[in-house]
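For reference, the structure discussed in these notes is given below.
Given below as structure tokens:
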């Protein structure tokens, strides 16, 4: 991946997370196809994350679709803290750390932490990670979300306002193994334009509120 593009993607990932903290609403990558009104899912909820195939792994929580009913939920503070630690550990791109510190998201996170987060919680979320964070996915993407959720769960065992949606609702097609989910659904395989048909594909997933085709447009060599 080009170094400038990687740096830009790190910054964009931090902006997406910070926006959920200081504002609210729904974020979705541009290759998502909306099938139903996703605001229905937010009724009575606070933070929604979509999950991939129903078994736990470090890439199970993509940041391609994120939703918050209200601004300032503390879960996003855990995410910001995780991004900062991973960016610090990423020796290839130290400017990303400076960018995050200067961002509105970071200043807001500090302010919110004084109100929501206890000193003991701060000690938990400030711990450094030992994982390889040289990939965009680990610094601001699924790896970050997964680890932030684990830390959040250690402080709030009932996940306090964070809901993980069933894979069938947001990610019926998993990028980790798209051939398995697509199967004979050739209309869903965007890599074969001669058979791809978004309307026919949507009909294959009646429970889904959205579907993404995982074009991975940000991945350039």
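Numbering (my numbering), first residue to last: 189 to 409. Just so you know, even glycine gets a beta-carbon here, dropped at the ideal spot from N, CA and C. Remember, it's a predicted structure, so these values are computed and weren't measured experimentally.
Per DSSP, residue 399 is one residue of the beta strand (DSSP E) stretching across 398-400. By the Cβ rule, the stretch 260-272 does not count as touching the stretch 374-393, because fewer than three pairs are nearer than 8 Å. Boundaries of the beta strand (DSSP E) harbouring residue 215: 213-216, taken from the DSSP string.
Judged by beta-carbon spacing, residue 241 lies beyond the 8 Å limit of residue 256, meaning their Cβ atoms are not closer than that value. Spatial neighbours of residue 380 in its own chain (CB-CB distance under 8 Å, excluding positions within 5 residues in sequence) are listed in chain order as 374. In the DSSP annotation of this structure, residue 352 is not part of any alpha helix (DSSP H); the continuous beta strand (DSSP E) holding it starts and ends at 350-353. Residue burial is scored here from C-beta neighbours: residue 232 has fewer than 16 other C-beta atoms within 10 angstroms and is therefore classed as exposed. In this structure, the CA atom of residue 219 is about 10 Å from the CA atom of residue 398. Straight-line measurement puts the Cα of residue 396 at about 6 Å from the Cα of residue 356. The three-state reading of DSSP puts residue 341 in helix, counting H, G and I together.
Residue 339 and residue 238 have their alpha carbons spaced roughly 18 Å apart. For residue 255, the enclosing beta strand (DSSP E) starts and ends at 253-256. Taking 8 Å as the cut-off, the Cβ atoms of residue 249 and residue 334 count as close.
When the Cα atoms are used, residue 229 and residue 352 turn out to be separated by approximately 11 Å. At a Cβ-Cβ threshold of 8 Å, residue 225 and residue 252 do not count as neighbours. Rounded to whole angstroms, the gap between the alpha carbons of residue 223 and residue 386 is 10 Å. Residues of the same chain with a CB within less than 7 Å of the CB of residue 382, apart from the 5 flanking positions on each side, do not exist. The three-state reading of DSSP puts residue 232 in coil, since its state is none of H, G, I, E or B. Per DSSP, reduced to three states, the secondary structure at residue 393 is coil, with no helix or strand assignment.
Residue 362 counts as buried, since no fewer than 16 other beta carbons sit within 10 angstroms of its beta carbon.
Here residue 205 is buried: its Cβ has 16 or more other Cβ atoms, across all protein chains shown, within 10 Å. Just measuring C-alpha positions, the residue of 262, 258, 214, 378 sitting nearest residue 347 is 262.
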